[in-house]
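By the UniProt record's numbering, the letter at position 274 of the sequence shown is numbered 274, and the numbering carries on one by one without gaps.
Virtual Cβ for every residue (Gly too), placed ideally from N, Cα, C.
Okay, structure first, notes after.
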Amino acid sequence: MRLLHTSDWHLGRTLHGVNLHEAQAAVLERICELVESPPDGIPVDAVLVAGDVYDRGVPPVESVQLFEWTLSRLSAVTTVVITSGNHDSAIRLGYGSGLFRDRIRMVTDLGQLDLPVLLEGGDGVRAAIYGIPYLDPDHARVALAGGGEPLPRSHQAVVGAACDRIRADLADRAGVRSVVLAHAFVAGAEPSDSERSIMVGGVDRVAGTVFAGIDYAALGHLHGPQAPDSAEGSVVRYSGSPLRYSFSEQDHQKVVLLVDLDEAAPARVTPVEIAQPRAMATLRGRLDELLEAPEHTAAESAWVRVTVTDRVRPDSLMDRLKSRFPHALQVFHEPEGSVERTRGGTTVVSERDPRELGSDFIAYVTKTEASDGEVDVFAAGFEAAVVAQHKAEAQEVA
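So this is what it looks like as structure tokens:
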């Protein structure tokens, strides 16, 4: 059986104010071409999209149309299984799931997580594909408790409970390979600057061993392709996003993963590169050097982040840089001899550990080190504000 694993399309996202619709259309076109004409001729039995189809709960119309166009292309030749991520509105993404033809399977409801999509490959290999929609611990700890006491308030607890339900269903399916789509932060994996924090109670990670007994776990949420630690016999992978969404990803090779399942052997994973519509580059130096140095020629067509080191900030800095680098998105001025500002200073506030953020804030305001109690209060308020923001974005505030 051949599967194609992708995730984190984030349709509707912008990059420092630049509309990425055309770039997103280009990478989705490439994914459709891979499915329609596989590079080695082996047909793809299913495309797995592990969450964050959209960048926000209410996406732009053009993004909805792009998603529809992509689904139409893919479902004409294969089965498509989609789960919701932390950026999606599960209700909106799952609209019409009961009406779609068999080749489009939306899994956005907790009640569906142990109801697999059953497939049979061309060579007779059978697989049960389970989707775990993004699990917000504050809701899922009650929904997955089975009527008993709520589960602990953590991602580990709720993802573990979901996998327990899946393993219970698998126990009655002898000879069937198992695949799980999940949107989570698995311990040991490396984040980038472009993922939204899912931290609850100071913890955002789950152990890779939570997928023990699963042949292949197709993960979403983190934007770099990687293989976190997992239980023996299980293959756990992040496909990463097909497009670069921050300068922290400028060196990522963006891919989709082709996953081959035999009757018994471990899943074999082959990355296939997705060419980027535009390169990314980070430049540093004096303005006259940046504007004249031939080694920067390749960056003239790239999205660029520039740090200018002239002792005095040059006049019309952005306009002069854009005369050579028309796609410059970020410009910093750090005079030579000053302490270099770390790129962490450009990280979106919601991506930082709220305890670290609170400690820095309190120390800055009070000029004294923050106490544990003060940091606890700040972290609780931060979490409440993030939850409220997410609900507002999805227009689901009561």
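For residue i, the three-state DSSP class (helix, strand or coil)
i: H296; result: helix
i: residue 415; result: A query on residue 415 cannot be resolved here, the shown segment of the chain reaching from 1 to 398 and no further.
i: I104; result: strand
i: P137; result: helix
i: R284; result: strand
i: Q226; result: strand
i: D109; result: coil
i: R92; result: helix
i: E120; result: strand
i: A127; result: strand
i: L20; result: coil
i: A207; result: coil
i: G366; result: According to the sequence displayed, residue 366 carries Thr and not Gly. Reduced to three states, the DSSP call for T366 is helix.
i: V236; result: strand
i: L357; result: helix
i: I198; result: coil
i: L11; result: strand
i: I132; result: strand
Residue i, buried or exposed, once every other Cβ within 10 Å from all chains shown has been counted against 16
i: D215; result: buried
i: H252; result: buried
i: I31; result: buried
i: P39; result: exposed
i: W9; result: buried
i: A76; result: exposed
i: I91; result: exposed
i: V308; result: buried
i: E292; result: exposed
i: E195; result: buried
i: A385; result: exposed
i: E55; result: With the sequence shown as reference, residue 55 is identified as Asp, and Glu is not the correct amino acid for it. It counts as buried.
i: E249; result: buried
i: R237; result: buried
i: G94; result: buried
i: V349; result: Bear in mind that the predicted position of V349 carries a pLDDT of just 47, short of 50, making it unreliable; the figure below should be weighed with that in mind. Looking at its Cβ environment, which holds fewer than 16 other Cβ atoms inside 10 Å, V349 is exposed.
i: A379; result: buried
i: V312; result: exposed
i: T366; result: exposed
i: R341; result: Caution applies to R341, whose pLDDT of 47 falls short of 50 and renders its modelled position unreliable; the model cannot decide the point.
i: H16; result: exposed
i: T368; result: exposed
i: A127; result: buried
i: T14; result: exposed
i: A168; result: exposed
Among the options, the one whose alpha carbon lies nearest that of residue i
i: A140; options: L317, Q156 and D310; result: Q156
i: L28; options: S72, A379 and I362; result: S72
i: P354; options: V236, A370, A26 and F382; result: F382
i: G51; options: H223, A212, L119 and R173; result: H223
i: L110; options: V64, G96 and A161; result: A161
i: L118; options: A363, M1, L283 and L219; result: M1
i: L113; options: R56, F67, G148 and V179; result: V179
i: D69; options: V58, V107, Q24 and I42; result: Looking at the sequence provided, one finds Trp at residue 69 rather than Asp. The residue with the shortest Cα to Cα distance from W69 is Q24.
i: A299; options: T282, D288 and D315; result: T282
i: residue 427; options: D260, D262, P266 and V255; result: Since the first residue of the chain shown is 1 and the last is 398, residue 427 is not available in this structure.
i: residue 424; options: E356, S154 and L48; result: With the chain represented from 1 up to 398, any question about residue 424 goes unanswered, as that position is not in the structure.
i: D288; options: G57, S359 and L317; result: L317
i: L329; options: T366, W303 and D372; result: W303
i: D136; options: I129, G188 and D204; result: D204
i: Q65; options: L11, D138, R103 and G213; result: L11
i: residue 411; options: T297, A264, L243 and V81; result: With the chain running from 1 to 398 in the structure shown, residue 411 is simply not present.
i: D193; options: F247, V186, G220 and G148; result: F247
i: A217; options: V375, V269 and L20; result: V269
i: Y130; options: H87, L181 and D102; result: L181
i: N86; options: H183, E334 and G285; result: H183
Enclosing beta strand (DSSP E) for residue i [first to last residue]
i: T83; result: T79 to T83
i: Q330; result: A328 to H333
i: W303; result: W303 to V308
i: A189; result: That residue, A189, is in no beta strand (DSSP E); it is neither H nor E in DSSP.
i: G220; result: Y216 to G220
i: residue 402; result: No answer is possible for residue 402: it lies beyond the span of the chain, which begins at 1 and ends at 398.
i: L4; result: R2 to T6
i: L48; result: A46 to A50
Start-to-end residues for the alpha helix (DSSP H) that takes in residue i
i: E68; result: V61 to S75
i: V158; result: H155 to L170
i: D319; result: L317 to K322
9 Å Cβ cutoff, residue i in contact with chain C
i: A171; result: Going by chain labels, chain C is absent from the structure shown, which holds only one protein chain.
Ignoring anything shorter than 3 residues or poking outside the segment 246 to 280, list the beta strand (DSSP E) runs there in chain order.
255 to 260 and 268 to 273
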